[in-house]
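First the structure, in the form of C-alpha cells, and then the observations on it.
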Amino acid sequence: MIEIRDLHKFYGHKKVLDGVELDIKTGETMVIMGRSGCGKSVLLRHLIGLARPDRGSIAIDGTEISRIKKAELYSLRRRFGMLFQGSALFDSMTVAQNVGLGLKEHSSLTDGQIAGTVVQKLALVDMSGTENLMPSELSGGMKKRVGLARALAMDPAYILYDEPTTGLDPITADRINDLMMTLSQKLSLTSIAVTHDLVSANKIADRIAMLHQGQIIFCGTPEQIKKMPDEHIQQFIKGKADREVI
Numbered sequence: 037m038i039e040i041r042d043l044h045k046f047y048g049h050k051k052v053l054d055g056v057e058l059d060i061k062t063g064e065t066m067v068i069m070g071r072s073g074c075g076k077s078v079l080l081r082h083l084i085g086l087a088r089p090d091r092g093s094i095a096i097d098g099t100e101i102s103r104i105k106k107a108e109l110y111s112l113r114r115r116f117g118m119l120f121q122g123s124a125l126f127d128s129m130t131v132a133q134n135v136g137l138g139l140k141e142h143s144s145l146t147d148g149q150i151a152g153t154v155v156q157k158l159a160l161v162d163m164s165g166t167e168n169l170m171p172s173e174l175s176g177g178m179k180k181r182v183g184l185a186r187a188l189a190m191d192p193a194y195i196l197y198d199e200p201t202t203g204l205d206p207i208t209a210d211r212i213n214d215l216m217m218t219l220s221q222k223l224s225l226t227s228i229a230v231t232h233d234l235v236s237a238n239k240i241a242d243r244i245a246m247l248h249q250g251q252i253i254f255c256g257t258p259e260q261i262k263k264m265p266d267e268h269i270q271q272f273i274k275g276k277a278d279r280e281v282i
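Residue numbers (the working numbering): 37 to 282.
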C-alpha cells in the first residue's frame, strides 16, 4: 500500500504539488489524471524516490521513503517497474539486451539466467521470438510491450505507467490496455498510471484520482467521476471549457 500525506513540492518559486493526499491500495489500478503541467509526472517521480518532497511524506508498505538512506532507497526501487511514455529503449541494444539491462546491472544472475528471464518476460507481453530485433525494427505498440517486459524483469510489486497509450492508434492502445489489465491480475500487481486517455482510464482503472493545481480534487471509480459536478472535472472529461475556470 502507498500512503501519500500532505505532499508539497516546489521548483524554484513554482508550487507543483500542494498538499497531495492519496492512498493507493495493494492490488488496485489507480489512474492519475489532470491537465498538462498539473504535477502528475512529478508525483510519479516521488513514488520511486527520484524526487524528494519539500514537505509531507510517502510511505510504501509502511516505510517512509523520504527518510531512508540511499542504500535502502535503491532496494525499495527494485519493487517498482516503470513503463516510460516513449518506451525509452536503447537504440543500440537488441530487445533482449534492453529487457535484461536491469538484471545485468542490479542482480547476481548469470548470463544464462538473465537470458531465461528475458524469454519469460517477453512471453508475458506476447513478444516471444523478438530477442534479436533492434528497436528500429519495432512498431510503436511493440516498443511499448518491450518496455513493459523490461519493467517486469525485476518482478516488481508495483508498476508505474507514464502515458502508456500516447502515440498509439486506438486498436493498438486497446491492446495495451488489455495487456495491462491481464498482467495486473496475473501477477497481482499494484498499478499506477498517468494518462490523458479517458477511454484507457475508464477501462483499466479501479479508481481515478484527479490532480488539479497540485491537489487531488477527486478520487473514486470511473462511474463516480462522470457524475461529479465540479467544473474542473467536467471540463477535463468533455475536453473543452464552456468558460475559463482557473
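A virtual CB, placed ideally from N, CA and C, is assigned to each residue, including glycine.
Buried or exposed for L196, please, with buried defined as at least 16 other CB atoms from any protein chain shown within 10 angstroms of its CB.
L196 is buried by the Cβ-count criterion.
Going by the beta-carbon positions, is the gap between L58 and A245 smaller than 8 Å?
Yes, they are a contact pair.
Collapsed DSSP secondary structure at I212 in the structure displayed
DSSP places I212 in helix when its eight states are reduced to three.
Go through its chain and collect everything with a Cβ distance to C74's Cβ below 8 Å, but skip five positions before and after it.
Cβ neighbours of C74 beyond the five flanking positions: L247, H248, Q249, G250.
What is the rounded straight-line gap between the Cα of A187 and the Cα of L125?
If you take the alpha carbons of A187 and L125, they lie about 11 Å apart.
Please report the residue range of the alpha helix (DSSP H) in which E141 lies.
Taken as a continuous stretch (DSSP letters only), the alpha helix (DSSP H) holding E141 covers 131-142.
Which residues mark the beginning and the end of the alpha helix (DSSP H) in which F272 is found?
The continuous alpha helix (DSSP H) containing F272 extends over residues 267-274.
Beta-carbon proximity of V52 to I252, cut-off 8 Å:
Pairing V52 with I252 gives a Cβ-Cβ distance that is not under 8 Å.
I'd like the span of the beta strand (DSSP E) that includes M66, first residue to last.
Here the beta strand (DSSP E) through M66 covers 65-69.
If you drop the 5 nearest sequence neighbours on each side, which residues of the same chain put their C-beta closer than 6 Å to that of D15?
Any answer about residue 15 is impossible in this case: the structure gives the chain only from 37 up to 282.
Can you give me the Cβ contacts of A8 inside the same chain, cut-off strictly under 6 Å, excluding the 5 residues immediately before and after it?
A question about residue 8 goes unanswered here, because the residues of the chain that appear run from 37 up to 282.
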